[in-house]
Amino acid sequence: HSCLSVLEVTCKCVYFSTREPWTISFRSRVLPPNAVWMENSKLKSLEICHPQERNIFNRIFGGFLMRKAYELGWATACSFGGSRPFVVAVDDIMFQKPVEVGSLLFLSSQVCFTQNNYIQVRVHSEVASLQEKEHTTTNVFHFTFVSEKEVPLVFPKTYGESMLYLDGQRHFNSMSGPATVRKDHLWNPRNTTFVEN
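Numbers in the working numbering are just positions in the sequence shown, counted from 1, shifted up by 743.
Encoded structure:
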């Protein structure tokens, strides 16, 4: 019961911080300063699953799926935060359905929660075979990134986005502890060594 109360309070606080106070309409919403609508934080990609990415079971190797999801999640965090992000947490990865060779892999990512320098990104992976027109979810990935500078807040507009926001907050809070980016640990690609400050 208390868990539900916390979720209800969070949803109401997020909603009321974007509502125009002079109107009684539920559809009239105003974005607070230094904030972005969640719907504007999306990126998508499409991969053709070639045979060279197969495993011993003649299906697409899970590491390939994880790499593609991470790359899209990183690009989403980078474009949202405006600086290079660093991954600090990857939630458990469960493979819900195998991906067949020759399938089309659709990846869609979006920022679902932010706090200070942290960006929580959700990447949804679905597959469509050439024979069937149906899309089937194969994975949902959750990545936590930290940016070199503070990032804008992300706000949901719809009920579905509000549920993604709460889920993103839950995944963010399950992280073991805060991470910091130390400048003496930044990698310099020109020297292929770590920068010492």
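Each residue gets a CB set at the ideal place from its N, CA and C atoms; glycine is no exception.
No experiment lies behind these values; they were computed from the predicted model shown.
Cutoff 7 Å; reference residue i; Cβ partners in own chain excluding five residues on either side
i    : result
P794 : V844
N859 : E893
K876 : none
I836 : M809, N882 and F884
A818 : L786
W780 : L774, F898 and K900
Best match in the options for proximity to residue i [C-alpha to C-alpha]
i    : options                   : result
P841 : T901, N801, V854 and F823 : N801
V854 : E869, N798 and K787       : K787
Y813 : V833, N798 and D910       : V833
Nonlocal neighbours in the same chain, by C-beta distance under 8 Å from residue i, ignoring five residues either side
i    : result
F838 : G805, L808, T881 and N882
C-beta contact flag for residue i and residue j at 8 Å
i    : j    : result
L815 : S872 : no
E782 : K892 : no
S917 : S826 : no
Y908 : F823 : no
H885 : H867 : no
A777 : L850 : First, the residue type needs correcting, since residue 777 is Asn and not Ala in the sequence shown. No, these two residues do not count as a Cβ contact at 8 Å.
S799 : C792 : With the sequence shown as reference, residue 799 is identified as Ile, and Ser is not the correct amino acid for it. Against a cut-off of 8 Å, the Cβ pair of C792 and I799 comes out as no contact.
R865 : G903 : no
Beta-ladder partner(s) of residue i, from DSSP
i    : result
V889 : F829 and Y861
V897 : V779
K787 : S851
E803 : According to the sequence shown, residue 803 is Ile rather than Glu. I803 pairs with R797.
V883 : H867
Nonlocal neighbours in the same chain, by C-beta distance under 6 Å from residue i, ignoring five residues either side
i    : result
F888 : A820, P828, V830 and I862
E790 : K811 and L848
V870 : V842, S846, L848, T879 and T881
E796 : I803, F804 and F807
Below-8 Å beta-carbon distance, residue i vs any chain C residue
i    : result
N916 : Absent from the structure: chain C. Only one protein chain is present.
- Let me know the beta strand (DSSP E) ranges lying completely inside the region 821 to 870, each 3 residues or longer, listed in chain order. 828 to 833 and 847 to 858
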